[in-house]
Amino acid sequence: MVEGVADPQIGRALAAIHHNIRSPWSTDSLAREASMSRSAFVDRFTALIGMPPIRYLTNWRLQTAKRRLRETRKTIAQIAEEVGYGSDEAFSRAFKRELGSTPSKWRDQQSVDERPAKR
1 MVEGVADPQI GRALAAIHHN IRSPWSTDSL AREASMSRSA FVDRFTALIG
51 MPPIRYLTNW RLQTAKRRLR ETRKTIAQIA EEVGYGSDEA FSRAFKRELG
101 STPSKWRDQQ SVDERPAKR
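The sequence shown begins at 1 in the UniProt record's numbering and counts up one residue at a time.
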């Protein structure tokens, strides 16, 4: 990913994603951030980052959500909104599709995993 950050156009798109995770980004809007055509943007982003832009955005949103689920007591709906999902249902579907568990079950499992083992 270092190559992507070093590339000025792709770097602008990455910065936009990271600084405004709530935005309803699309491939077209990210290409505009990078001042590139859609196809050139997708090709260069994928070559430098190793995945298409929307896949990267989804991964970033879910990684951020996992951190917030683990580190805060915010509701699923609050976290969904903070990471750019229009509803907690859409967030829960994406979370389960990518991670195999609902956000609430994942959070509960993190709590169980952090408890000291009984002797």
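Cβ coordinates follow ideal geometry from the N, Cα and C atoms, glycine included.
Check: How many whole angstroms separate the CB atoms of A31 and R38, which I take to be in contact at a CB cut-off of 8 angstroms?; Outcome: 5 angstroms
Check: As an exercise, report each continuous alpha helix (DSSP H) stretch of at least 4 residues that is fully enclosed by the UniProt domain "HTH araC/xylS-type" (11-109), in chain order.; Outcome: 27-33, 38-49, 53-71, 76-82, 88-99
Check: Since P53 and T27 should fall inside the 8 angstroms C-beta cutoff, what is the C-beta to C-beta distance between them, to a whole number of angstroms?; Outcome: 6 angstroms
Check: G84: buried (16+ other C-beta within 10 angstroms of its C-beta) or exposed?; Outcome: buried
Check: Just the Cα atoms here: how many angstroms apart are S92 and N59?; Outcome: 14 angstroms
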